[in-house]
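Quick note, the sequence shown lines up with residues 18 to 146 if you use our numbering.
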Amino acid sequence: MQDGFPLPQTAHKLFEWIARCCRDRGERQAIRFDEAMVACGIAGDQELLAALMRLRDCPGLGPHVITDIHNEGGMRCFHVGPEAPRMWEAYCRHIDETVCPNCRIQSLRTVSRIKCTECDYERPVERTD
18 MQDGFPLPQT AHKLFEWIAR CCRDRGERQA IRFDEAMVAC GIAGDQELLA ALMRLRDCPG
78 LGPHVITDIH NEGGMRCFHV GPEAPRMWEA YCRHIDETVC PNCRIQSLRT VSRIKCTECD
138 YERPVERTD
(Lines of atoms letter the chains of each structure in order from A and count residues from 1; the text may use other names and numbers.)
(Lines give C-alpha, C1' and ligand atoms only; values in the text may rest on other atoms or scores of the structure.)
Protein backbone atom coordinates (compact mmCIF):
# COMPACT_ATOMS: atom_id res chain seq x y z
CA MET A 1 0.00 0.00 0.00
CA GLN A 2 1.74 3.12 -1.16
CA ASP A 3 0.43 4.90 -4.23
CA GLY A 4 -2.90 6.62 -3.82
CA PHE A 5 -2.74 7.03 -0.04
CA PRO A 6 -4.21 8.65 1.86
CA LEU A 7 -7.55 8.34 0.13
CA PRO A 8 -9.67 11.44 -0.54
CA GLN A 9 -12.13 12.17 2.31
CA THR A 10 -15.22 10.76 0.53
CA ALA A 11 -13.47 7.49 -0.37
CA HIS A 12 -12.02 7.29 3.16
CA LYS A 13 -15.47 7.68 4.80
CA LEU A 14 -17.00 5.18 2.35
CA PHE A 15 -14.23 2.64 3.00
CA GLU A 16 -14.70 2.96 6.77
CA TRP A 17 -18.47 2.49 6.43
CA ILE A 18 -18.03 -0.51 4.08
CA ALA A 19 -15.69 -2.22 6.56
CA ARG A 20 -18.15 -1.65 9.42
CA CYS A 21 -21.08 -2.71 7.26
CA CYS A 22 -19.32 -5.97 6.26
CA ARG A 23 -18.64 -6.87 9.88
CA ASP A 24 -22.25 -6.14 10.86
CA ARG A 25 -24.01 -7.85 7.94
CA GLY A 26 -22.19 -11.14 7.66
CA GLU A 27 -23.90 -12.09 4.39
CA ARG A 28 -22.55 -10.65 1.17
CA GLN A 29 -25.56 -8.98 -0.42
CA ALA A 30 -25.53 -6.03 -2.79
CA ILE A 31 -25.29 -2.59 -1.18
CA ARG A 32 -27.58 -0.01 -2.77
CA PHE A 33 -26.21 3.38 -3.78
CA ASP A 34 -28.95 5.21 -1.86
CA GLU A 35 -28.09 3.34 1.37
CA ALA A 36 -24.38 4.17 1.05
CA MET A 37 -25.05 7.82 0.15
CA VAL A 38 -27.25 8.36 3.22
CA ALA A 39 -24.86 6.50 5.56
CA CYS A 40 -21.79 8.42 4.33
CA GLY A 41 -23.36 11.83 3.66
CA ILE A 42 -22.60 11.65 -0.07
CA ALA A 43 -24.57 14.10 -2.21
CA GLY A 44 -25.17 12.11 -5.40
CA ASP A 45 -24.60 9.05 -7.57
CA GLN A 46 -21.62 10.55 -9.39
CA GLU A 47 -19.77 11.39 -6.17
CA LEU A 48 -20.42 7.88 -4.82
CA LEU A 49 -19.40 6.28 -8.11
CA ALA A 50 -16.15 8.29 -8.12
CA ALA A 51 -15.37 7.14 -4.55
CA LEU A 52 -16.19 3.51 -5.41
CA MET A 53 -13.97 3.63 -8.49
CA ARG A 54 -11.19 5.24 -6.44
CA LEU A 55 -11.37 2.33 -3.97
CA ARG A 56 -11.63 -0.27 -6.75
CA ASP A 57 -8.70 1.16 -8.71
CA CYS A 58 -6.46 1.92 -5.72
CA PRO A 59 -3.21 -0.12 -5.70
CA GLY A 60 -3.20 -2.53 -2.79
CA LEU A 61 -6.99 -2.47 -2.33
CA GLY A 62 -8.62 -3.09 -5.71
CA PRO A 63 -10.99 -6.07 -5.81
CA HIS A 64 -10.39 -6.85 -2.13
CA VAL A 65 -12.81 -4.02 -1.31
CA ILE A 66 -15.08 -3.30 -4.31
CA THR A 67 -15.80 -6.40 -6.39
CA ASP A 68 -18.62 -5.18 -8.64
CA ILE A 69 -20.64 -2.05 -9.49
CA HIS A 70 -23.89 -2.70 -11.37
CA ASN A 71 -27.67 -2.23 -11.65
CA GLU A 72 -29.88 -4.72 -9.84
CA GLY A 73 -33.64 -4.48 -10.34
CA GLY A 74 -33.35 -0.88 -11.53
CA MET A 75 -31.24 0.14 -8.51
CA ARG A 76 -27.54 0.98 -8.69
CA CYS A 77 -25.62 -1.35 -6.37
CA PHE A 78 -22.13 -2.51 -5.53
CA HIS A 79 -20.65 -5.60 -3.94
CA VAL A 80 -17.75 -5.70 -1.51
CA GLY A 81 -15.17 -8.41 -0.93
CA PRO A 82 -15.00 -10.40 2.30
CA GLU A 83 -11.52 -8.96 2.89
CA ALA A 84 -12.81 -5.36 3.22
CA PRO A 85 -12.67 -5.19 7.07
CA ARG A 86 -9.12 -6.58 7.10
CA MET A 87 -8.07 -4.20 4.32
CA TRP A 88 -9.53 -1.26 6.31
CA GLU A 89 -7.42 -2.23 9.34
CA ALA A 90 -4.30 -2.50 7.16
CA TYR A 91 -5.10 0.87 5.56
CA CYS A 92 -5.49 2.53 9.00
CA ARG A 93 -2.16 1.06 10.17
CA HIS A 94 -0.46 2.24 6.99
CA ILE A 95 -1.87 5.77 7.35
CA ASP A 96 -0.86 5.91 11.02
CA GLU A 97 2.69 4.92 10.11
CA THR A 98 3.14 7.17 7.05
CA VAL A 99 0.80 10.21 7.09
CA CYS A 100 1.72 13.19 9.25
CA PRO A 101 -1.28 14.42 11.31
CA ASN A 102 0.01 18.02 10.98
CA CYS A 103 0.79 18.15 7.25
CA ARG A 104 -1.84 15.55 6.24
CA ILE A 105 0.57 14.18 3.63
CA GLN A 106 2.43 10.90 3.38
CA SER A 107 5.74 12.13 4.77
CA LEU A 108 6.47 10.12 7.94
CA ARG A 109 9.44 7.82 8.14
CA THR A 110 10.42 5.47 10.94
CA VAL A 111 13.87 5.32 12.48
CA SER A 112 13.87 5.07 16.27
CA ARG A 113 11.22 7.78 16.30
CA ILE A 114 8.44 8.40 13.82
CA LYS A 115 9.22 11.74 12.24
CA CYS A 116 7.63 13.90 9.54
CA THR A 117 10.00 14.87 6.73
CA GLU A 118 8.03 18.08 6.09
CA CYS A 119 7.42 19.61 9.54
CA ASP A 120 8.61 19.17 13.13
CA TYR A 121 6.03 16.48 14.09
CA GLU A 122 7.63 13.58 15.94
CA ARG A 123 6.58 10.71 18.23
CA PRO A 124 8.22 7.58 19.68
CA VAL A 125 7.82 4.25 17.92
CA GLU A 126 5.29 2.14 19.82
CA ARG A 127 6.62 -1.28 20.68
CA THR A 128 4.23 -4.24 20.52
CA ASP A 129 6.43 -6.88 22.16
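Note that beta-carbon positions come from the ideal geometry of N, C-alpha and C, so glycine has one too.
In whole angstroms, what separates the C-alpha of ASP137 from that of ILE131? Going by the C-alpha atoms only, they are around 11 Å apart.
Identify every residue that forms a DSSP beta bridge with VAL116. BP columns for VAL116 point to GLN123.
Determine the burial state of VAL82: buried for a count of at least 16 other Cβ atoms within 10 Å of its Cβ, exposed for fewer. Flag for VAL82 reads buried.
Among THR27, GLU139, LEU125, which one has its Cα closest to the Cα of ARG68? Per the sequence presented here, residue 68 reads as Ala, with Arg not at that position. Ranking the options by Cα distance to ALA68, first place goes to THR27.
Excluding the 5 residues flanking ILE48 on each side, which residues of the same chain have their C-beta closer than 8 Å to its C-beta? Correct list, in chain order: ILE35, CYS38, CYS94, PHE95, HIS96, VAL97.
Assigned exposure category for ARG71 - 16 Cβ within 10 Å defines buried: Looking at its Cβ environment, which holds 16 or more other Cβ atoms inside 10 Å, ARG71 is buried.
Would you mind sorting MET104 into buried or exposed? The rule is 16 or more other CB atoms within 10 Å of its CB. When all chains shown are included, MET104 counts as buried.
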